[in-house]
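**Student:**
Residue numbers (the UniProt record's numbering): 1 to 31.
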């Protein structure tokens with residue numbers, strides 16, 4: 001994946017008030 005994607009994803013997370021830890025927790029819970 002290109003770096004632009006990750007930059008946009010990070011901006012989106014910050015905009016929603018989520019951290020990478022929150023995202024990881026969500027992903028692991030979903031599995």
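Glycine included, every Cβ here is placed at the ideal spot set by N, Cα and C.
Please read these numbers as outputs of a predicted model, since none were measured by experiment.
1. Roughly how many angstroms lie between the CA atoms of residue 22 and residue 2, to the nearest whole one?
2. Where does residue 17 fall in DSSP's three states?
3. Could you check the C-alpha separation between residue 16 and residue 9 for me, to the nearest Å?
4. Would you say residue 12 and residue 19 are within 9 Å of each other, going by their C-beta atoms?
**Tutor:** Let me spell this out:
1. Here residue 22 corresponds to residue number 22 of the chain shown, with the count starting at 1. Here residue 2 corresponds to residue number 2 of the chain shown, with the count starting at 1. Spanning the two alpha carbons is a distance of roughly 22 Å.
2. Here the question's residue 17 lines up with position 17 in the chain shown. In this structure, residue 17 counts as coil in the three-state DSSP scheme.
3. To locate residue 16, count along the chain shown from 1; it is residue 16. To locate residue 9, count along the chain shown from 1; it is residue 9. Answer to the nearest angstrom: the Cα atoms are 11 Å apart.
4. Taking the chain shown and counting its residues from 1, the one referred to as residue 12 is at position 12. Taking the chain shown and counting its residues from 1, the one referred to as residue 19 is at position 19. Taking 9 Å as the Cβ cut-off, residue 12 and residue 19 do not qualify as a contacting pair.
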